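I have placed the structure first, in the form of structure tokens, so that the comments after it can refer back to it.
Number of protein chains: 2
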Amino acid sequence: MSYQKLEQHQQQIHRLSHLSAICGWDQAAMMPAGGSEARADAMAELGVLIHQKRTAPELGDWIANAECEPLDEVQRANLAEIKRHWQDASLLPGTLVEALSLAGSKCEHAWRSQRKHNDWAGFAVNLQEVVSLSREVAQRRADALGVRPYDAMLALYEPGMTSARLDQIFGDLSGWLPSLIQQVSERQQSDALLIPQGPFPIATQQALGREVMGVLGFDFAHGRLDVSSHPFCGGVATDVRITTRYNEQEFISSLMGIVHETGHARYEQGLPRHLLGQPVAEARSMGIHESQSLFCEMQLGHDPAFLALLAPHIRTHFGDQTAFEPANLVKIYNRVEPGLIRVDADEVTYPVHVILRYELERDLIEGRIEVADLPELWDGKMQQWLGITTQGNYRDGCMQDIHWTDGSFGYFPSYTLGAMYAAQLRFALERELGNLSQIIAAGRLPEIFAWLGRHIWSQGSQHSTDELIRRATGEPLNPHWLRQHLEQRYLP
Amino acid sequence: MSYQKLEQHQQQIHRLSHLSAICGWDQAAMMPAGGSEARADAMAELGVLIHQKRTAPELGDWIANAECEPLDEVQRANLAEIKRHWQDASLLPGTLVEALSLAGSKCEHAWRSQRKHNDWAGFAVNLQEVVSLSREVAQRRADALGVRPYDAMLALYEPGMTSARLDQIFGDLSGWLPSLIQQVSERQQSDALLIPQGPFPIATQQALGREVMGVLGFDFAHGRLDVSSHPFCGGVATDVRITTRYNEQEFISSLMGIVHETGHARYEQGLPRHLLGQPVAEARSMGIHESQSLFCEMQLGHDPAFLALLAPHIRTHFGDQTAFEPANLVKIYNRVEPGLIRVDADEVTYPVHVILRYELERDLIEGRIEVADLPELWDGKMQQWLGITTQGNYRDGCMQDIHWTDGSFGYFPSYTLGAMYAAQLRFALERELGNLSQIIAAGRLPEIFAWLGRHIWSQGSQHSTDELIRRATGEPLNPHWLRQHLEQRYLP
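Going down the list, the protein sequences come from chains B and R. If you read the first sequence in UniProt numbering, its first letter stands for residue 1, the second for the next number, and so on. If you read the second sequence in UniProt numbering, its first letter stands for residue 1, the second for the next number, and so on.
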């Protein structure tokens with residue numbers, strides 16, 4: 001049967017990708033500087049091999065044949081995913097893929113110093129090249145898939161999502177978010193909070209982080225915590241590698257970063273093990289992945305009940321400070337403050353950063369605006385939404401993110417989709433299990449994870465994102481729940 | 001030109017092997033237990049791919065053509081190595097390779113618990129299977145290479161070496177080693193030595209280890225030190241990963257283990273970088289590799305001048321103890337004591353363990369003895385050489401090593417060849433640079449490494465082992481130098 005051949009073929013790809021993932025983690029978390037050139041060559045060599053397998057000439061026939069074979073529901077879902085991955089890999093001519101990869105590497109590499117020097121003119125030249133090639137990629141994908149160019153990029157990260165729907169969803173947010181930010185800012189203005197006094201030794205932060213991962217049910221037999229300059233969740237489902245970075249003067253953000261990555265990790269660790277190696281066993285989308293990290297970080301991690309649970313762990317490791325009082329931790333973690341930098345943003349202002357980027361990248365990819373327009377448009381939106389300016393400050397404006405440098409257009413919406421999925425899941429969970437804060441306070445965290453495991457993790461990619469969310473919550477994605485969450489937490 | 005095609009092909013194999021080496025290191029030093037099954041599958045998948053490349057059908061023609069092409073000296077040496085590797089990979093039918101790999105995995109896996117339980121009967125059944133298949137491997141290799149079966153196995157680790165020559169070399173050792181052991185034991189009987197008093201915190205041992213690696217010129221921009229249950233030197237030449245294991249109560253063996261692995265590492269780091277990716281840029285043989293680790297550990301590391309240099313580092317980390325006096329460290333490190341376990345043996349009795357294994361594995365592979373004969377023969381040789389018995393104690397007798405469990409027959413001689421090469425190199429170096437202890441005492445360690453770099457590391461596999469040693473020392477391998485070294489150090 002062709003279907004069995006496809007399964008074996010996927011297994012091979014999965015195994016080679018396993019080694020690529022581990023070596024990628026090593027590159028970020030372990031490798032000494034001098035190893036980078038030979039490693040990049042080695043990774044590229046394996047990348048070529050994996051790409052050859054993903055685009056093997058026999059796959060088209062096998063897929064067509066398998067579509068006529070008697071398959072059960074899971075197999076049929078797997079076949080659909082196999083077909084999707086095959087199309088994604090095969091749609092583009094190798095020369096275009098290579099050109100974008102080269103332009104992306106060049107742009108990203110130069111960006112690292114150009115950003116430091118606020119060198120917009122230098123950056124714009126490289127970005128222009130990446131945008132030109134990305135437009136070609138988007139157009140070719142659009143032609144083949146019969147969708148709009150930007151939607152063809154979105155499909156790489158959030159299959160099924162369209163810009164028409166994003167316009168609607170983000171339009172909804174735009175209706176209530178600015179005034180909510182305004183109200184919360186006013187209300188918090190008089191809030192005094194205590195800053196924990198360091199130093200906080202790295203080794204102690206690490207021990208605390210591992211302890212909290214344990215509280216969150218991270219399976220240390222199938223994963224590790226290490227250090228890298230940009231935190232991420234990598235590795236493979238059977239061996240999940242999360243990373244963080246430490247600052248001796250401040251443990252607050254690193255600790256919550258670990259909580260965030262643990263959310264990603266538990267999703268990976270909870271994927272259907274018996275289907276391992278098949279696409280149907282993989283995470284559904286970037287948005288769903290982010291929903292799991294944000295569920296851990298925002299729904300759980302920033303909940304006063306969770307911070308009350310955290311406080312004694314913090315005291316055990318860093319001694320007693322008034323700043324460690326749960327009420328003060330709540331103030332620290334739930335502080336809302338408009339700022340220029342996305343990765344430093346709180347959960348209330350974060351969607352602003354995403355919607356801004358979404359609107360710009362959508363128009364950029366579809367040719368309605370040009371690279372040269374970005375700084376002014378960026379500044380305008382920042383002023384309009386958050387009342388702050390990035391004029392002349394490219395570094396903290398349209399040069400702050402890595403995503404566009406390598407052509408990852410279509411990725412940004414995943415962050416806010418994740419926040420919305422997380423809120424929606426939270427209220428669905430509460431309808432079944434009761435109030436989240438009370439569950440946490442009662443030390444019943446495992447029930448929360450069992451619920452997520454049942455409804456999200458164990459489902460892998462068996463259903464479309466819409467169907468997955470509908471089954472878990474009773475309705476498709478609805479931004480109402482993010483609003484309800486934010487209003488409950490910040491305007492009680 | 002066919003030669004260029006071969007070079008590109010080797011580069012591909014090298015890059016894929018790079019990822020295999022890093023993931024292998026990760027498996028031993030980083031991977032959590034639950035990751036092992038999927039990792040083994042992934043490594044096997046890449047192993048198959050690499051094997052396919054090593055045995056690609058076009059290689060035979062390319063090699064034949066390249067042999068008629070105009071090549072310079074280095075290219076010709078590279079071609080010879082390419083041909084050797086191709087033969088090694090192609091000589092055996094895939095079914096035999098797979099059968100041995102399966103039998104080896106099974107035997108090794110079971111051995112881990114059988115050894116603990118002294119279960120010779122259970123082990124013998126699996127070992128018999130491994131021996132049968134290894135005999136077939138040896139015979140097929142022998143037929144193709146036109147040499148004796150055991151020599152065909154030796155060629156995998158020490159190309160150019162034969163059992164006829166080993167009989168002669170080890171015969172020489174057998175002539176003087178037993179009485180030397182006897183004399184040294186008697187002389188040391190009255191030596192009192194002080195044992196350093198722990199605990200020695202792991203983190204401090206690690207810091208000390210890294211410091212000593214620095215003293216030995218390890219390049220941390222191209223390598224790391226980590227922990228694994230069996231110390232090794234892995235990774236790739238541009239990124240060498242060495243490991244050790246720690247015991248809170250005792251730092252003496254771990255520290256010298258680091259010195260040993262640093263010797264391996266400096267060889268790798270010193271291989272000709274401009275030829276990276278080609279076989280000619282690889283280490284010459286297992287024996288030469290071991291000569292570099294043993295040069296570091298025994299010639300340098302156990303030298304009183306080096307231990308005098310080490311003492312202040314030890315004191316800085318562990319405070320002041322009389323046991324840290326250089327004279328006492330010399331007594332600790334140069335203690336000679338016949339024992340049952342090879343890996344715990346001192347440099348004087350170590351060759352006994354190797355010669356014993358050599359004689360048994362040679363006769364086993366060539367069918368003169370059977371698995372069932374091993375315990376009695378082992379015990380007899382231990383009694384004869386060291387006056388100790390392994391009767392009924394299989395665990396510390398013929399079940400103590402991992403090598404035979406997976407069919408690595410022909411490897412053991414490398415250890416003692418390495419010790420002999422190291423001694424011979426030492427005296428050659430002294431003829432050029434002067435007395436080694438004085439060079440160390442004068443803080444001129446870099447000169448020693450520059451000499452090794454010039455004569456060994458930078459040579460890669462450009463010459464045969466014999467030629468390499470002849471060029472470096474003026475004569476082929478000569479066991480006289482090991483004797484001279486041992487007599488100078490232990491019977492001054």
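Just so it is clear, CB atoms sit at the ideal spot from N, CA and C, and this is done for glycine as well. The structure presented is a predicted model; accordingly, all values stated were derived computationally and were not measured.
For a test of the three-state rule: what should DSSP assign to residue i, helix, strand or coil?
i	result
B/M478	A small correction: the amino acid at residue 478 of chain B is Asn; Met does not occupy that position in the sequence shown. Coil.
R/D191	coil
R/T262	helix
R/R335	coil
B/D226	strand
B/E250	strand
B/C107	helix
B/T204	helix
B/R55	For clarity, residue 55 of chain B is Thr in the given sequence; the question names Arg instead. Here B/T55 sits in coil by DSSP.
R/F220	helix
B/Q182	helix
B/T473	helix
R/E45	helix
B/G453	helix
B/D172	helix
Comparing alpha-carbon positions, which option in the options lies nearest residue i?
i	options	result
R/T416	R/T405, R/F324, R/M298, R/K381	R/M298
B/W404	B/F295, B/H289, B/E129	B/E129
R/Y267	R/S291, R/G277, R/M256	R/S291
B/A422	B/N478, B/L91, B/T390	B/N478
B/K53	B/H85, B/A66, B/A28, B/G35	B/H85
B/I332	B/L374, B/H317, B/M256	B/M256
B/E359	B/S163, B/Q87, B/E98	B/S163
R/G474	R/L425, R/P351, R/A265, R/A323	R/L425
R/P159	R/Q87, R/Q168, R/T244	R/Q87
R/E325	R/A305, R/A56, R/P338	R/A305
R/L46	B/P32, B/A40, B/Q12, B/N65	B/Q12
R/A283	R/N78, R/G367, R/D61, R/Y490	R/N78
R/A38	B/N247, B/L275, B/G367	B/L275
R/G397	R/V97, R/F123, R/M31, R/A80	R/F123
B/E337	B/I440, B/I242, B/S185, B/S229	B/S185
Grab the span of the beta strand (DSSP E) containing residue i for me, first residue to last.
i	result
R/C233	233-236
B/G410	Where B/G410 is concerned, there is no enclosing beta strand (DSSP E), given that its DSSP letter is neither H nor E.
R/T243	239-244
At 7 Å on the CB atoms, spell out the chain C contacts of residue i, in chain order.
i	result
R/H274	The chain inventory of the structure shown lacks chain C, comprising the protein chains B and R.
Considering just the uninterrupted stretch of the alpha helix (DSSP H) at residue i, what are its terminal residues?
i	result
B/D363	350-365
R/S464	Neither: R/S464 is in no alpha helix (DSSP H) and is coded neither H nor E.
B/I22	2-29
| task | Give the residues from the segment 244-271 of chain B that approach chain R closer than 8 Å (Cβ to any Cβ), ordered along the chain. | result | none
| Taking any Cβ of chain R, which residues in the segment 11-29 of chain B have a Cβ under 7 Å from it, in chain order? | Q12, R15, L16, H18, L19, I22, C23, D26
| field | Contacting positions in the segment 232-244 of chain B - beta carbon closer than 7 Å to chain R | value | V236, T238, D239
| task | Note down, in chain order, all residues in the segment 140-154 of chain B with a beta-carbon under 7 Å from any beta-carbon belonging to chain R. | result | none
| said: What ranges does the alpha helix (DSSP H) occupy inside the segment 373-448 of chain R, keeping only unbroken runs of at least 4 residues that lie completely in it? | reply: 374-386, 413-433, 436-441
| task | For the segment 214-227 of chain B, enumerate the residues whose C-beta is nearer than 8 Å to any C-beta of chain R, in chain order. | result | D219, F220, A221, H222, G223, R224
| query | Taking the runs of the alpha helix (DSSP H) that are 4 residues or longer, which of them lie wholly in the segment 263-307 of chain B? | reply | 286-294
| request: With 8 Å as the limit, tell me which residues of the segment 46-57 of chain R have their beta carbon closer than that to any beta carbon of chain B; keep them in chain order. | output: L46, L49
| message | Quick check on the DSSP output: what are the complete alpha helix (DSSP H) runs of length 4 or more inside the segment 78-159 of chain R, in order along the chain? | response | 94-116, 120-145, 149-157
| said: Give me the subset of the segment 438-461 of chain R whose CB atoms are less than 9 Å from a CB atom of chain B, sorted by chain position. | reply: From the segment 438-461 of chain R, no residue has a Cβ closer than 9 Å to chain B.
| query | the segment 159-170 of chain R: which residues have C-beta closer than 7 Å to a C-beta of chain B, in chain order? | reply | none
| request: Please name the residues in the segment 397-420 of chain R whose beta-carbon is closer than 9 Å to at least one beta-carbon of chain B, in chain order. | output: none
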